[in-house]
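Under UniProt numbering, the sequence shown has 273 at position 273, and the numbering climbs by one with no breaks.
Just so it is clear, CB atoms sit at the ideal spot from N, CA and C, and this is done for glycine as well.
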Amino acid sequence: MTSEPKPNKTKEAAILAQALPYMLRYDDRVVVVKYGGHAMGDEHLARAFARDIVLLRQSGVHPIVVHGGGPQIGKMLERLNIQSEFKDGLRVTDQATVDVVEMVLAGAINKQIVTAITQEGGRAIGLCGKDANMVTAKKLRRTQMDPDSNIERIVDLGFVGEPSDVKPEILHRLISEEIIPVIAPIAAGKKGDTFNINADTFAGAIASAMDAKRFLLLTDVEGVLGADGELIADMDVDGARKLIKDGVAKGGMIPKLETAISAAENGVEAVVIVNGKTEHAVLLELFTEHGAGTLIHKNNDEVAV
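Rendered as structure tokens:
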């Protein structure tokens, strides 16, 4: 018969003590977390994420969660035999599609995340941009160069939008009551039309409106890689722009960097692009000296990070 090893209580206490300076750094400050990707579909990682968010709140931080749900939307559209078309990596969203998008994002996924946080002991409430007129959307305008005529043409993505205005009063009220907002990236336009908004872009607008201390973009890679393939731990917005200009940043990393640049220049102290598939990535980034991704901030150390 073997006995289980006894926990090293001194080591556990030391870990907690080391986290204290970081807890004080974020005490009573807003942290916006964009949650999505493969981590959302993994039950174990989803529970760990919910636990991290509850721990942030119990530590004096005010977390706000913005979530995506592209894979889940795709599965539901397939079940309903609604064909999806993509242009420039974005789903063309007609009226039938936007109804499904709203049902999946603001309904099923949103309530799953709220329930997970509640089961871990937190108090969460599900919202979308329509609630309390929090986010007003406008139609996303994209253009594409016709290779035959060399004429720039407008790409019609249907009911795909981008934030035009954010009224964060409801979020301030909720966090003052120690309630964790969980927000789906759906918003109404000025005429009442429903728009599907990219979750990264939506989260960045929320983070800027809330003057967030940190904006965490949970993704499926370790962070931003340089030309040598190595992880870049820290960069300013000029460095981020150079990665895009030089073609080092590719594919889905480009809009993430663009979102990070916009947020860092509009009220957010720093943005972190981090791998959401790493268990407890949020806590590692915020409460340890190691960090867990790429930190992006204003130029010339304009703010302490």
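Classify residue 108: buried if its beta carbon has 16 or more other beta carbons within 10 angstroms, exposed otherwise. What you label residue 108 is simply residue 108 of the sequence shown in a count that begins at 1. Around the beta-carbon of residue 108, fewer than 16 other beta-carbon atoms lie within 10 Å, marking it exposed.
Out of 296, 219 and 275, point me to the one whose CA is closest to residue 265's CA. Your numbering for residue 265 matches position 265 in the sequence shown. Out of 296, 219 and 275, 296 has the C-alpha closest to the C-alpha of residue 265.
Mind checking residue 96: buried by the 16 CB within 10 Å criterion, or exposed? Stepping through the sequence shown from its first residue, residue 96 is reached at position 96. Under this definition residue 96 is an exposed residue.
When you compare only the Cα positions, how much space is there between residue 103 and residue 184? Mapped onto the sequence shown, residue 103 falls at position 103. Mapped onto the sequence shown, residue 184 falls at position 184. Going by the C-alpha atoms only, they are around 10 Å apart.
Taking 8 Å as the threshold (C-beta atoms), are residue 188 and residue 136 in contact? Looking up residue 136 in the sequence shown gives position 136. Looking up residue 188 in the sequence shown gives position 188. It is a contact, given that the beta carbons lie within the stated cut-off.
Beta-carbon within less than 7 Å of residue 59's beta-carbon, same chain only, minus the 5 sequence neighbours each way: which residues are those? As a position in the sequence shown, residue 59 is number 59, starting the count at 1. Answer for residue 59: 23, listed in chain order.
With C-beta atoms as the reference, is residue 126 less than 8 Å away from residue 57? Walking along the sequence shown from the start, residue 126 turns up at place 126. Walking along the sequence shown from the start, residue 57 turns up at place 57. Not in contact: residue 126 and residue 57 (Cβ atoms no closer than 8 Å).
By how many angstroms is the C-alpha of residue 35 removed from the C-alpha of residue 181? For the purposes of this step, residue 181 is taken as residue 181 along the sequence shown, with counting starting at 1. For the purposes of this step, residue 35 is taken as residue 35 along the sequence shown, with counting starting at 1. Going from the Cα of residue 181 to the Cα of residue 35 covers about 13 Å.
Please list, in chain order, all residues of the same chain as residue 51 whose beta carbon is under 6 Å from its beta carbon, the five residues on each side excluded. Residue numbering aside, residue 51 sits at position 51 when the sequence shown is read from its first letter. The answer, listed in chain order, is 120.
Per DSSP, which residues does residue 34 bridge with? Please list them. To locate residue 34, count along the sequence shown from 1; it is residue 34. Note: residue 34 sits in a beta bridge opposite 66 and 217.
If you draw a straight line from the alpha carbon of residue 304 to that of residue 85, how long is it in whole angstroms? Indexing the sequence shown from 1 puts residue 304 at position 304. Indexing the sequence shown from 1 puts residue 85 at position 85. In this predicted model, residue 304 has a pLDDT of only 46, less than 50, meaning its place in the structure is not dependable enough to derive any value.
So if DSSP puts residue 354 in a beta bridge, which residue, or which two residues, is it bridged to? Residue 354 lies beyond the range of the chain shown here (1 to 305); nothing can be said about it.
I'd like to know whether the C-beta atoms of residue 200 and residue 267 end up nearer to each other than 8 Å. Stepping through the sequence shown from its first residue, residue 200 is reached at position 200. Stepping through the sequence shown from its first residue, residue 267 is reached at position 267. The criterion of a C-beta distance shorter than 8 Å is not satisfied by residue 200 and residue 267.
Relative to the C-alpha of residue 280, which residue among 44, 175 and 21 is closest? Start at 1 with the first residue of the sequence shown, and residue 280 comes out as number 280. Selected option, being the one with the closest Cα: 44.
Buried or exposed: where does residue 1 fall if 16 or more other Cβ atoms within 10 Å of its Cβ makes it buried? Position 1 of the sequence shown, counted from the start, is the residue given in the question as residue 1. Its pLDDT being 49, under 50, residue 1 is placed unreliably by the model, and the measurement read from it follows with that caveat. Classification for residue 1: exposed.
By the three-class DSSP mapping on this structure, what secondary structure does residue 280 have? Residue 280 sits at position 280 when you count from the first residue of the sequence shown. DSSP places residue 280 in coil when its eight states are reduced to three.
Using a Cβ-Cβ cutoff of less than 8 Å, which residues in the same chain neighbour residue 186 once the five nearest sequence positions on both sides are dropped? Taking the first residue of the sequence shown as position 1, residue 186 is located at position 186. 101, 102, 105, 106, 128, 129, 130, 194, 195, 196 and 197, listed in sequence order.
Can you have a look at residue 71 and say buried or exposed, based on whether 16 or more other CB atoms are within 10 angstroms of its CB? Translated into the one-based positions of the sequence shown, residue 71 becomes position 71. When all chains shown are included, residue 71 counts as exposed.
What distance in whole Å lies between the Cβ atoms of residue 254 and residue 244, which are believed to be in contact at a cut-off of 8 Å? Looking up residue 244 in the sequence shown gives position 244. Looking up residue 254 in the sequence shown gives position 254. Indeed they touch by this definition, with Cβ atoms about 6 Å apart.
Going straight from the alpha carbon of residue 134 to that of residue 49, what length do you get? Here residue 134 refers to the residue found at position 134 of the sequence shown. Here residue 49 refers to the residue found at position 49 of the sequence shown. The straight-line gap from Cα to Cα measures roughly 25 Å.
Determine the extent of the beta strand (DSSP E) in which residue 238 is found, giving its start and end residues. For the purposes of this step, residue 238 is taken as residue 238 along the sequence shown, with counting starting at 1. That residue, residue 238, is in no beta strand (DSSP E); its alpha helix (DSSP H) goes 237-245.
Buried or exposed by the 16-neighbour rule on C-beta atoms within 10 Å, applied to residue 236: Indexing the sequence shown from 1 puts residue 236 at position 236. Under this definition residue 236 is a buried residue.
Delimiting residues of the beta strand (DSSP E) encompassing residue 275: As a working note, residue 275 is residue 275 in the sequence shown. Residues 270-275.
Would you grab the beta carbon distance between residue 32 and residue 227 for me? Rounded to a whole angstrom, and I think it's under 8 Å. Within the sequence shown, the letter at position 32 stands for residue 32. Within the sequence shown, the letter at position 227 stands for residue 227. Not a contact, Cβ separation roughly 30 Å.
Could you tell me if residue 20 is buried or exposed, where buried requires 16 or more neighbouring beta carbons within 10 angstroms of its beta carbon? Here residue 20 refers to the residue found at position 20 when the sequence shown is read from its first residue. The residue in question, residue 20, is exposed, as its Cβ has fewer than 16 Cβ neighbours within 10 Å.
C-alpha gap between residue 54 and residue 217, whole angstroms: One-based indexing of the sequence shown puts residue 54 at position 54. One-based indexing of the sequence shown puts residue 217 at position 217. Straight-line Cα distance between these residues: approximately 18 Å.
Do residue 64 and residue 30 have their C-beta atoms within less than 8 Å of each other? Here residue 64 corresponds to residue number 64 of the sequence shown, with the count starting at 1. Here residue 30 corresponds to residue number 30 of the sequence shown, with the count starting at 1. In contact: residue 64 and residue 30 (Cβ atoms closer than 8 Å).
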